[in-house]
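Student: Could you have a look at this structure, given as structure tokens, before my questions?
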Amino acid sequence: MSIRQLVLYSTFYTGIIALIANAGGVPQAVTKAPGEANHNSCATCHTPAGNFNPTISLDILKSDSTKVTKYTPGETYIVKLTVKGNNAPKAYGFQMVCLDSLTNKDQGLWSQLGERVKQQALTVQGNPRKYLVQSGAKTNGIFTSNWKAPATDIGKIKFYFTGLAVNGTGNTNGDSNVFGQLTLNSETTSNLTEINTVNNVVYPNPAIEYITIANNESDNVQITALTGHQYNFTVNNGNVYIGALPSGIYFVQPFKSTVKSGKAIKIIKL
Numbered sequence: 020m021s022i023r024q025l026v027l028y029s030t031f032y033t034g035i036i037a038l039i040a041n042a043g044g045v046p047q048a049v050t051k052a053p054g055e056a057n058h059n060s061c062a063t064c065h066t067p068a069g070n071f072n073p074t075i076s077l078d079i080l081k082s083d084s085t086k087v088t089k090y091t092p093g094e095t096y097i098v099k100l101t102v103k104g105n106n107a108p109k110a111y112g113f114q115m116v117c118l119d120s121l122t123n124k125d126q127g128l129w130s131q132l133g134e135r136v137k138q139q140a141l142t143v144q145g146n147p148r149k150y151l152v153q154s155g156a157k158t159n160g161i162f163t164s165n166w167k168a169p170a171t172d173i174g175k176i177k178f179y180f181t182g183l184a185v186n187g188t189g190n191t192n193g194d195s196n197v198f199g200q201l202t203l204n205s206e207t208t209s210n211l212t213e214i215n216t217v218n219n220v221v222y223p224n225p226a227i228e229y230i231t232i233a234n235n236e237s238d239n240v241q242i243t244a245l246t247g248h249q250y251n252f253t254v255n256n257g258n259v260y261i262g263a264l265p266s267g268i269y270f271v272q273p274f275k276s277t278v279k280s281g282k283a284i285k286i287i288k289l
């Protein structure tokens, strides 16, 4: 066998191995979730893009198939992700991760993985995350799993996901990808009013013993736990002692006398 033939066979088999590996999920995070490399996406390899114009949707369901927009801590839900495309794609793939909206940490537990779905452990900015990804391309574009919510109420949770419609030609040309997000509110957070995240108003965040209110005109604060329980504190020279509070997520509402001073600020008490 000539050197030219060896090079051709080597290139051919390398390409086949790469395609098989990608069919079972990419070895990097490509959902556009916070912390992932901005340039990473399915389109990084699958280029030039095709004309499938894919769509992607995610449903979080109870055991009776009722859709939910809020989660109950510790409950298990059915997660159904659907990728569709125009112009007759041959098959579909996906990747998905679940994070909380405050710290962007991995949340929940995956189980009962559906057909051609596997869990993938990846590290993003030094933090471990559990991604779901296809174990092989699927012709109907429907991927399912069970997801168990965190044991405690941690506020809003976000699912980040991407889908890929492929033409099945044996290479990465002419495929098309799409991104999506879905937010689940907690049962208590959605009932709180005037809750916005405002940067550099209350610090440090997370906090251990003291927080500082940047608005020094505030003379007291009301701190609300996710359970709805409220605590009232006096502001001393802009500082508030919170060392006695249990660890958790709270909403800090500064006041000037009895008038609200700005909007409530979400913090973490360690």
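Start counting the sequence shown at 20; every next residue gets the next number (this note's numbering).
Each residue gets a CB set at the ideal place from its N, CA and C atoms; glycine is no exception.
(1) Which residue wins for smallest C-alpha separation from residue 194, given the options 183, 203, 107?
(2) From this set, 287, 134, 125, which residue's C-alpha is nearest residue 17's C-alpha?
(3) Let me know the secondary structure DSSP gives residue 151 once reduced to three states.
(4) Can you give, in chain order, each stretch of the beta strand (DSSP E) that sits fully within the segment 162-204 and has at least 3 residues?
(5) Taking contact to mean at least 3 C-beta pairs separated by less than 8 Å, is the segment 94-111 in contact with the segment 68-86?
(6) With contact counted as at least three CB pairs below 8 Å, one residue from each stretch, are the segment 257-265 and the segment 220-229 in contact?
(7) Do you know whose CA, among 206, 136, 266, 123, lies nearest residue 145's CA?
(8) Taking a contact to mean a Cβ-Cβ separation below 8 Å, would you say residue 233 touches residue 288 in this structure?
(9) Look up residue 17 in the DSSP assignment and give the residues it is bridged to.
(10) What distance in whole Å lies between the Cβ atoms of residue 150 and residue 114, which are believed to be in contact at a cut-off of 8 Å?
(11) Output the distance between the C-alpha atoms of residue 248 and residue 143, rounded to the nearest integer angstrom.
(12) What is the rounded straight-line gap between the Cα of residue 104 and the Cα of residue 264?
(13) Output needed for residue 127: all residues of its chain with C-beta closer than 7 Å, excluding positions within five of it in sequence on either side, in chain order.
(14) Does DSSP classify residue 227 as helix, strand or coil?
(15) Who are the near neighbours of residue 132 in its chain, counting only those whose CB is closer than 6 Å to its CB and skipping five residues on each side?
(16) Under a three-way DSSP split, which group does residue 114 fall into?
(17) Suppose the cutoff is 6 Å on Cβ atoms and the five residues either side in sequence are ignored; what does the same chain contact list for residue 141 look like?
(18) With a threshold of 7 Å (Cβ to nearest heavy atom), would residue 226 be considered close to the ligand MN?
(19) I'd like the list of long-range same chain contacts for residue 254, defined as Cβ closer than 7 Å, with 5 residues on each side in sequence excluded.
(20) Which first and last residues belong to the beta strand (DSSP E) in which residue 86 is found?
Tutor: Walking through what the data contain:
(1) Of the residues 183, 203, 107, the one whose Cα lies closest to the Cα of residue 194 is 183.
(2) Residue 17 lies beyond the range of the chain shown here (20 to 289); nothing can be said about it.
(3) Note: residue 151 maps to strand in three-state DSSP.
(4) Listed in chain order, they are 176-185.
(5) Taking a cut-off of 8 Å for Cβ pairs, the segment 94-111 and the segment 68-86 touch, as three or more such pairs fall below it.
(6) Because the criterion of three Cβ pairs below 8 Å is met, the segment 257-265 and the segment 220-229 touch.
(7) Of 206, 136, 266, 123, the residue nearest in Cα terms is 123.
(8) Their beta carbons are not under 8 Å apart, which means residue 233 does not touch residue 288 by this criterion.
(9) For the chain, the structure presents residues 20 to 289; residue 17 sits outside this window and is missing.
(10) Under the criterion of beta carbons closer than 8 Å, residue 114 and residue 150 qualify as touching, at roughly 6 Å.
(11) So the alpha carbons of these two residues sit roughly 35 Å apart.
(12) C-alpha separation (whole angstroms): 51 Å.
(13) The residues 117, 166, 167, 168, 169, in chain order, have a CB closer than 7 Å to that of residue 127 in the same chain once the five nearest residues on each side in sequence are set aside.
(14) Of the three classes helix, strand and coil, the one that applies to residue 227 here is coil, per DSSP.
(15) In chain order, 164 place their CB closer than 6 Å to the CB of residue 132, counting only its own chain and leaving out the 5 sequence neighbours on each side.
(16) In the structure shown, residue 114 sits in a strand (DSSP, three-state: E or B).
(17) For residue 141, where only same-chain residues beyond five positions count, the Cβ hits under 6 Å are 48, 148, 150.
(18) Absent from the structure shown: the ligand MN. Ligands present: none.
(19) Cβ neighbours of residue 254 beyond the five flanking positions: 232, 237, 238, 239, 240.
(20) Looking at the DSSP string, residue 86 is not in any beta strand (DSSP E), and its letter there is neither H nor E.
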